[in-house]
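Peer 1:
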Amino acid sequence: MKRSLKARKSFTGLSPNILPVLLFVLGLFYTFYNVFLSHYNIGRVLKIQKASHELEKSLQEYREENEKLEQLLELVKKHPEYYRERFARSYMQVQKEDESIILLK
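The sequence shown begins at 0 in numbering that gives the first Met the number 0 and counts up one residue at a time.
1) Do you know how far the Cα of residue 62 is from the Cα of residue 100?
2) Once you ignore the five residues that flank residue 40 on each side, which residues in its own chain have a CB closer than 7 Å to its CB?
3) From residue 46 to residue 103, what does the alpha carbon distance come to, in whole angstroms?
4) Once DSSP output is grouped into helix, strand and coil, what is the label at residue 96?
Set out below in structure tokens:
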């Protein structure tokens, strides 16, 4: 009977320093799990960041192209006859009566 009381005393007599160590170990485990094993681990986060960067780059290119097209639209609105003739000449191969077109390859 004395032995069981001693065993019980030694179990309850854990060092008070064990609790901070235990919490630290659990914190390390939780951090490791979240960084490497969770659904949004570090590899996936890096892939998402890379995809986001590529999309932003593509979006910037489309914005620049859109700006150029808007500037062209303003020019077409200001000088419609010039651009109508230019379009007809380049895409429809229309020529004036006294002109001849030479195709270069």
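We put the CB at the ideal spot given by N, CA and C, even for glycine.
Peer 2: By the coordinates alone:
1) 37 Å
2) 34
3) 48 Å
4) coil
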